[in-house]
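Its first residue numbered 350, the sequence shown is counted upward by one per residue in this note's numbering. First comes the structure, then the notes that go with it.
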Amino acid sequence: MISYEWRGDLADAEMLDLVQSHGGDPVAGWWPRVREHSLGWVTARDAEGVLVGFVNVAWDGGDHAFLLDPKTRSRFQRRGIGTALVGHAVDRAREAGCEWLHVDFDDHLAPFYFDACGFRSTPAGLIHLHHAE
Ligand SMILES: CC(C)(COP(=O)(O)OP(=O)(O)OC[C@H]1O[C@@H](n2cnc3c(N)ncnc32)[C@H](O)[C@@H]1OP(=O)(O)O)[C@@H](O)C(=O)NCCC(=O)NCCS
C-alpha cells in the first residue's frame with residue numbers, strides 16, 4: 350500500500366536516506382535549498398510512512414514546468430512507483446496552469462520516460478556550464 354502526496358512534509362534526513370538507498374550521492378541541505386524553487390513535489394510513502402519515492406517539479410511561473418530528480422527506494426523499484434510519481438506530477442502541473450512538462454535523462458532511462466510515463470521525444474539543448482568555454 351503506497352500513498353502519494355503533493356507538497357507533503359519531507360525532512361532533509363529522509364531525502365538523504367532515500368538518495369543513499371538507490372546508490373546516489375546524498376548532500377545534506379540539498380532538499381531545503383531546492384524546495385524554495387519548486388512548484389511542488391510528490392512523495393510516496395509505504396504503510397509505515399517510510400519515504401519510498403520522490404519527484405520534484407520546478408517551473409518558470411508560467412507555461413513551463415520541469416520534472417526533476419525522480420527517485421524510488423531501491424528495494425521498491427520496478428513496482429510502478431516511479432510511473433505513479435510522474436503521473437501525479439503531470440496532474441498537478443496541469444492543475445497549476447502549466448502547458449508543458451519538460452524532462453531530460455540518460456539514454457538507458459528512455460523506456461521509463463517514453464514508454465511508462467508518456468513523454469515524447471523532442472529536440473532539446475543543454476550546456477554544461479561548469480565546463481563551458
Ligand atoms: C528511474 C526510477 C525513478 C524508476 O522508478 P521505478 O519505481 O522503478 O519505476 P517503475 O516501476 O514505474 O518503472 C516503469 C517502467 O519503466 C522502465 N524502467 C524503470 N526503471 C528503469 C531503468 N532503471 N532502466 C530502464 N527502464 C526502466 C521499465 O520499463 C519499467 O517497467 P517494468 O518494470 O515492467 O520493466 C528508479 O529507477 C530510480 O530511482 N533510479 C535512480 C535515480 C535515477 O536515476 N533517477 C532518474 C534521474 S533522470
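A virtual CB, placed ideally from N, CA and C, is assigned to each residue, including glycine.
**Q.** valine 404 - partner residues in DSSP beta bridges
**A.** Val391, per the DSSP bridge assignment.
(Q) Given a cut-off of 7 Å on the beta-carbon distance, is the pair leucine 388 and glutamate 363 in contact? (A) Against a cut-off of 7 Å, the Cβ pair of glutamate 363 and leucine 388 comes out as no contact.
**Q.** Nearest-residue set for ligand 1, Cβ under 6 Å from any heavy atom
**A.** Here the list is His371, Pro419, Lys420, Thr421, Gln426, Arg427, Arg428, Gly429, Ile430, Gly431, Thr432, Phe454, His457, Leu458, Pro460, Phe461, Asp464 and Ala465.
Q.
Measuring alpha carbon to alpha carbon, tell me which residue in Asp418, Thr392, Glu397 and Asp395 is nearest glycine 373.
A. When each option's Cα is compared against that of glycine 373, the closest is Asp418.
Q: Using the DSSP secondary-structure output, state which residues sit across from glutamate 354 in a beta bridge.
A: In DSSP, glutamate 354 forms a bridge with Thr392.
Q: Could you spell out where the beta strand (DSSP E) holding histidine 413 opens and where it closes?
A: For histidine 413, the enclosing beta strand (DSSP E) stretches over residues 413 to 421.
Q. What is the residue span of the beta strand (DSSP E) that histidine 451 lies within?
A. Annotation: the continuous beta strand (DSSP E) that includes histidine 451 extends over 449 to 451.
Q. Is DSSP giving threonine 471 helix, strand or coil here?
A. Three-state result, threonine 471: coil.
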